[in-house]
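Undergrad: Following this message is one structure expressed as C-alpha cells.
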Amino acid sequence: KKSDFGLIGLAVMGQNLVLNVESRGFQVSVYNRTTSVTDEFVAKHPGKALVAAHTLEEFVQSLATPRKIHIMVKSTAVKDTDRDAVDAVIEQLIPLLDQGDIVIDGGNSFYQTTERRDTYLAEKGLRFIGAGVSGGEEGARKGPSIMPGGPASTWEVMKPIFESIAAKVDGEPCVIHIGPGGAGHYVKMIHNGIEYGDMQLICEAYNIFKAAGFTTDEMAKVFNDWNEGDMQSYLIQITGKALEQKDAETGKSIVELIVDKAGQKGTGQWTLLNAAENAVVISTINAAVEARILSSKKKARVAASKELTGPTVNITGDKAELVKKVHDALYASKVISYAQGLDLIKTTGESKKWNLDLGRIAAIWRGGCIIRARFLNKITEAYRENAELSNLMLAPFFKDLLSKTQQNWREVVSLATLNGIPVPAFSASLGYYDSYRAERLPANLLQAQRDFFGAHTYERTDKPEGQFFHTEWPEVIG
Ligand code: NDP
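The sequence shown begins at 3 in UniProt numbering and counts up by one.
This is how it looks when you write it as C-alpha cells:
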C-alpha cells in the first residue's frame, strides 16, 4: 500500500507531526537527510503505519498520487538571493515528482520566500502550500494551529489531513485556508509578533509585582487566578507554572535564577520590518522586540546601572488592589497589541488582495498555538459583527473594555514610571490608544517645522483639503 502522506525532516517538529498524522489513520512515509535519524525514529515506534525511506527516490515512490509531501527542515532564507535547506530539498524533489503533486513547506519560512517558491513550483507544474505551523513540539504532536497559504484548489486536497491533525476548539479545527501564495506564512509571522507582545506584557506585569515586594509564590497565584478569568491564555498559564517552579538543586525559584538575557529567532524583527514597510504602527510588538534586544545587552546594563540614576522604588498599598490594576493594564495593552497586529494583517492583506478573514484567523489561534486564549473568541465575534471593522479597538466589546480599564491602566503606567520600572510595552500601548483617539495631534507644529526648513508646504484647517500653503518664515542665523 502506498502512503497517504510523506514528511521530510525528522527533527523535533517533523517527528511529532508524523506521529500526529499517523494517529489520525493515515500511513506516513518519512525521510531525513541523515538516514540514521529515520531508522531510529521508526524503530522507536513499532506497530505504527510508518514507512522509512533512505533515499528521496524511494520516498517519492512510496507515496500515493497526487503525492502530498510535507517538508519540515531548517528554514533560514530571508533575502531574494538566499537559498536554504527548504530550497535544497525542493530542488532534489522536482525531478522525481509528477505534475499535480503537492509540496508543503511547514517550516517557519519568510513569506516572501514562500511566494518565490510558489511561483517557481507552479512553473514546474507542481502545487505548493506554504503553511505556518504553531504550537511547538506539543502542538505538532497533539494538534497545532495551522496557517496554510496557496491555491484554494490545493487546499481542498489537503483539507482532510490538515483538519484532522489540527487542534480543535468547540469542535472546530484550528486551520483554515488563509489565502493564496505567502498569506499563510505571513499570518504565522504576525502571530509570532503578537506572541512577542503578549510575552513582554506579562513580563512587565511580573516586574511591577516584583518591585512591589511580591514573592514568586504570590506572583504564581496571581497568574494562576488570572488563568481562571477573562485573561485565560496559554502564556498566562505557563507563567504561573514557571513562577511556581523551584530549582531542584537550591530550592530557590528557578525563574529568579535565570539570566535576564532574552533570545530571539527573528520572526519578531521580520514583523517590525514589515510594519515599517507598510506604514502600520505596531508599537507594542515593537517595544517587545526592542525589550528583548536591550535585555541581551546585559554587560552594558550592568555598567550603566552604576552610572545612571533613577528614583528609589517605593510601592506600598494594598496588594490585591495593585493586582486588579495591573490586570487591567495588561488586558488593555494586550487588546492594543492585537489591534495593531490585526491592522498590519489587514493592511497587507488588502494591498496583496489576499481577501483575508480576520475573524476566522483569530478563531484558528484559539487552540494549538502559543497565543491561544479565551479572549480570541471576542475578536472573532467582533469581525463577525462587522467584517469591515477599521480597528479592533472600535468594536463595541473592546471599546467598552478599554473605557473600563483605562483608569487603572494609566495608574499602572504612572506608578511604574514614577518608580523607574521600565514598562515599554504597557506605555507604548497607552500611547497608541491616546494618539489614535486624538482628534488633533501636534503634527500641525511638525508640519510648520517641515515647511520652515524644507518648504514642504502644509494644509490649513480653515481652507479646503488638498490645498497646500507655504509661509515665508524668518531667516534663522547660526
Ligand atoms: P530544525 O529547524 O532544527 O531543522 C532540522 C532538520 O532540518 C533536520 O531534519 C535536518 O536534517 C534538516 N536539514 C537541515 N538542513 C538540511 C538540508 N540542507 N537538506 C535536508 N535536510 C536538512 O528542526 P525543527 O524541528 O526545530 O523545525 C523545523 C521547522 O519548523 C523549522 O522551519 C522551524 O523554524 C519550524 N518550527 C519549529 C518550531 C519549534 O518549536 N521547534 C515551532 C514551529 C515551527 P539532518 O538530521 O540531516 O540534519
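A virtual CB, placed ideally from N, CA and C, is assigned to each residue, including glycine.
On the three-state DSSP scale, how would you describe A54?
TA: Reduced to three states, the DSSP call for A54 is strand.
Undergrad: Using a Cβ distance threshold of 8 Å, determine whether the region 205 to 220 contacts the region 184 to 197, with at least three qualifying pairs required.
TA: no
Undergrad: Kindly indicate which residue of E140, A124, L123, P146 has the alpha-carbon position closest to the one of G134.
TA: P146
Undergrad: For G343, write down the residues that DSSP places opposite it in a beta bridge.
TA: Looking at the DSSP assignment, G343 forms no beta bridge with any residue, so it has no partner.
Undergrad: Let me confirm a value: D200 is counted as buried when at least 16 other C-beta atoms fall within 10 Å, else exposed. Which label applies?
TA: Looking at its Cβ environment, which holds 16 or more other Cβ atoms inside 10 Å, D200 is buried.
Undergrad: Quick check on DSSP: helix, strand or coil for K161?
TA: Secondary structure of K161 (DSSP, three-state): helix.
Undergrad: Please report the Cβ distance between W356 and P182, rounded to the nearest whole angstrom; I am assuming they are in contact, meaning their Cβ atoms lie under 8 Å.
TA: 6 Å
Undergrad: Comparing the CB of K144 with every heavy atom of the ligand NDP, is any distance shorter than 6 Å?
TA: no
Undergrad: Quick check: does the Cβ of K321 come within less than 6 Å of any heavy atom belonging to the ligand NDP?
TA: no
Undergrad: Could you give the residue range of the alpha helix (DSSP H) that holds I210?
TA: 185 to 213
Undergrad: Tell me the residue span of the alpha helix (DSSP H) that contains A244.
TA: 236 to 246
Undergrad: Given this structure, state the Cα-to-Cα distance separating R26 from A213, to the nearest angstrom.
TA: Between R26 and A213, the C-alpha separation is close to 49 Å.
Undergrad: Would you check whether the ligand NDP has a heavy atom nearer than 6 Å to the C-beta of N34?
TA: yes
Undergrad: Compare the beta carbon distance of F130 and R119 with 7 Å and say whether it is the shorter of the two.
TA: yes
Undergrad: With 16 other CB atoms within 10 Å as the buried threshold, where does D65 fall?
TA: The sequence given here places Leu at residue 65; Asp does not occur at that position. It is buried - the Cβ of L65 has at least 16 other Cβ atoms within 10 Å.
Undergrad: Would you call the region 326 to 333 in contact with the region 408 to 421, where contact means no fewer than 3 C-beta pairs closer than 8 Å?
TA: yes
Undergrad: Assuming contact is defined by CB atoms lying nearer than 7 Å, are N388 and T269 in contact in what I supplied?
TA: No; because the gap between Cβ atoms is not below 7 Å, this pair is not in contact.
Undergrad: Quick one: what's K170 bridged to in DSSP?
TA: P175
Undergrad: Might you give, ordered along the chain, the residues of its own chain that have their beta carbon closer than 7 Å to the beta carbon of G11, omitting 5 neighbours on each side?
TA: The beta carbon of G11 sits closer than 7 Å to the beta carbons of N34, I73, M74, V75 from its chain, once the five residues preceding and following it are set aside; these are given in chain order.
Undergrad: Which same chain residues end up closer than 8 Å to T40 when comparing Cβ atoms and leaving out the 5 residues on each side of it in sequence?
TA: Cβ within range, chain order: L12, V32, Y33, N34, A54, A55, H56.
Undergrad: Per DSSP, what are the beta-bridge partners of F61 in this structure?
TA: Answer is none; F61 lacks a bridge partner.
Undergrad: For a quick check, are the C-beta atoms of K336 and L432 less than 7 Å apart?
TA: no
Undergrad: Which term fits H100, buried or exposed, when burial requires 16 or more other beta carbons within 10 angstroms of its beta carbon?
TA: Before going on, a small fix: residue 100 reads as Asp here, not His. The residue is exposed, with fewer than 16 neighbouring Cβ atoms inside 10 Å.
Undergrad: Pull up the distance between the alpha-carbon of E258 and that of R294, whole angstroms please.
TA: Inter-residue distance for E258 and R294 is about 17 Å (C-alpha atoms, whole angstroms).
Undergrad: What does the alpha-carbon distance come out to for the pair L324 and L245?
TA: Between L324 and L245, the C-alpha separation is close to 18 Å.
Undergrad: Please report how far the alpha carbon of L128 lies from the alpha carbon of G8, in whole angstroms.
TA: L128 and G8: Cα-Cα distance of roughly 16 Å.
Undergrad: Please name the residue in S339, T78, C371, V291 whose C-alpha comes closest to that of S136.
TA: The shortest C-alpha separation from S136 is found at C371.
Undergrad: If G369 sits next to A169, beta carbons under 8 Å apart, how far is it from one beta carbon to the other, in whole angstroms?
TA: 3 Å
Undergrad: Mind checking I284: buried by the 16 CB within 10 Å criterion, or exposed?
TA: Flag for I284 reads buried.
Undergrad: Regarding N22 and the ligand SAH, is the C-beta to nearest heavy atom distance less than 6 Å?
TA: No copy of the ligand SAH appears in this structure; the ligands present are the ligand NDP.
Undergrad: Strictly by DSSP, which residues pair up with I71?
TA: G8, V105
Undergrad: Quick one: measure Cβ to Cβ for G184 and T116, integer angstroms, because I've assumed they're closer than 8 Å.
TA: Taking C-beta atoms under 8 Å as the contact rule, G184 and T116 qualify, at a distance of about 4 Å.
Undergrad: Would you say the beta carbon of G138 comes nearer than 6 Å to a heavy atom of the ligand NDP?
TA: yes
Undergrad: Less than 6 Å separating the Cβ of L203 from some heavy atom of the ligand NDP?
TA: no
Undergrad: Under the DSSP definition of a beta bridge, which residues are partnered with R129?
TA: I104
Undergrad: Can you grab the Cα-Cα spacing for the pair A222 / F211, in whole Å?
TA: 11 Å
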